[in-house]
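*Asks:*
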Amino acid sequence: MNLVRSELLKIRTTSTWWWLAIGAFLSIALAFAFNAWVADETLSGEGENLGITGDQATAAAQAANLYTSGQYLGLMFVMLIGILMVTNEFFHQTATTTFLSTPRRTSVILSKLVAASLLGFAFWLVTTVIDLIAGATFLSLNDYGTLLDEWAVQRALLLNLLAYAIWTVLGVGIGTLITNQLGAVITSAVLYLVGTQVVGLLFMLLANVLDNEAVVKWQVIWPAVASTVMVSEGQNDFAPAWWVGALVLIGYAVVSGAVGIMITRRRDVS
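Counting from 1, position 210 in the sequence shown corresponds to residue 280 in my numbering; the numbering is continuous, with no gaps.
1) Near residue 245, which residues of its chain fall below 8 Å by C-beta distance, leaving aside the five closest residues on each side in sequence?
2) Between residue 323 and residue 170, what straight-line distance do the alpha-carbon atoms span, to the nearest angstrom?
3) Please check the pair residue 138 and residue 226, which I expect to be a contact at CB under 8 Å, by giving their CB distance rounded to whole angstroms.
4) Extract the residue ranges of the alpha helix (DSSP H) inside the stretch 73-127, only unbroken runs of 4 or more that lie entirely within it.
5) Do residue 233 and residue 319 have their CB atoms nearer than 8 Å?
6) Go ahead and pull the three-state DSSP assignment for residue 173.
7) Closest to residue 129 by C-alpha separation, out of 242, 222, 273, would be which residue?
8) Throw me the rounded Cβ distance for the residue 326 and residue 240 pair, which I believe falls under 8 Å.
9) Expressed to the nearest angstrom, what Euclidean distance is found between the alpha-carbon atoms of residue 257 and residue 124?
10) Can you tell me the Cβ-Cβ gap for residue 178 and residue 73, rounded? I've got them flagged as a contact below 8 Å.
11) By the three-class DSSP mapping on this structure, what secondary structure does residue 155 have?
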C-alpha cells in the first residue's frame, strides 16, 4: 500500500491529471449534448432516420447511452494517465531511484497497476455522477423517469467502470513498452483515435470483399471498439454481444499487465 500511495502522490503532485480531467469534462459535455439529441429524436419516433431501430430505439438503450456519455475520449485520457505513470519515471530520470528503493520490480509495476485502476475508478465516478445528474434530468423532463431500475442501464454503468479500470492498466502496459514519454503519448493517441476508424473501414471493406456482413463483428478485437460494444444496449447486426467486448478488454488487460511486468524485470534502467 505504501507503493500504491507513492504512485498516487506522483500523479497528484503534477498538473498533468488536471489537464486530462478538464479534457474529460469537455468530452462529456460534447458527448452528452449529442447523445441527448439522438435520444430525443429516437424516442420521438424519428430513430429510423438516424439508423436506430429495434432494441436500440428503446428508452433503456438510450438511457444507457446517456449515462455513459464521454466514454470514448474519457478512456483515452485514463490510458494516458497510465502511460505517464511509467514514462514519467524515465522522463524525469527517477526510475533508478525507484527501483533501488524497491528492488522487487514486480511490486513496483503491480503498485502502478493498482494505482492506475484506482485513478480509473475516480475518473469513472466523477464522469458518471455528471452523466447521472444530467441524464436523469433530461429523461425526467421528457416523462421517461430516470430508468435507473433497468438492468440494461445498471449493466452499462458497471461495465463502463470496468472499461475505465482496464484502460488505465493498458496505459501502464504501453508505458512499459514505449518508455519515451512523447513517443508513447503520440503513438497511443493516434492508434486510439485514428486507428479505430481505420480498423472499422478495413473490416467494412473486408466484409464487402467476402460478401459477408458478419465479418464486421470481428472489429471487436480492437480494444476501443470492444469498450463501445460492451456498454451498448440493443446490439445491431454489426456488433457482437456486450460480453464479447468485455472478454476482449479483460484479455488485453491481463496480457498488458503480464508483458509489462516481464519487460520491466529485464530492462536495464541504470
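C-beta atoms are modelled at their ideal positions from N, C-alpha and C, and glycine is treated no differently.
Source: prediction; values computed, not measured.
*Replies:* Once the coordinates are examined:
1) Stepping through the sequence shown from its first residue, residue 245 is reached at position 175. Once the five neighbours on either side are set aside, the close Cβ partners of residue 245 are 152, 153, 154, 155, 156, 157, 254, 330.
2) Against the sequence shown, residue 323 aligns to sequence position 253. Against the sequence shown, residue 170 aligns to sequence position 100. Roughly 27 Å between the two C-alpha positions.
3) In the sequence shown, residue 138 corresponds to position 68, counting from 1. In the sequence shown, residue 226 corresponds to position 156, counting from 1. Sure, about 6 Å apart at Cβ, within 8 Å.
4) List check, alpha helix (DSSP H) in window: 86-111.
5) As a first step, residue 233 must be located in the sequence shown, where it is residue number 163. As a first step, residue 319 must be located in the sequence shown, where it is residue number 249. Residue 233 is a Cβ neighbour of residue 319, given a cutoff of 8 Å.
6) Taking the first residue of the sequence shown as 1, we reach residue 173 at position 103. Coil, per DSSP.
7) As a working note, residue 129 is residue 59 in the sequence shown. With distances taken between Cα atoms, residue 129 lies closest to 222.
8) For the purposes of this step, residue 326 is taken as the residue at position 256 of the sequence shown. For the purposes of this step, residue 240 is taken as the residue at position 170 of the sequence shown. About 5 Å separates the two Cβ atoms, so the contact holds.
9) The residue labelled residue 257 in the question sits at position 187 within the sequence shown. The residue labelled residue 124 in the question sits at position 54 within the sequence shown. Those two C-alpha atoms are separated by around 38 Å.
10) One-based indexing of the sequence shown puts residue 178 at position 108. One-based indexing of the sequence shown puts residue 73 at position 3. Right, the Cβ-Cβ distance comes to about 7 Å (below 8 Å), so this counts as a contact.
11) By one-based count along the sequence shown, residue 155 stands at place 85. For residue 155, the secondary structure class from DSSP, reduced to helix, strand or coil, is helix.
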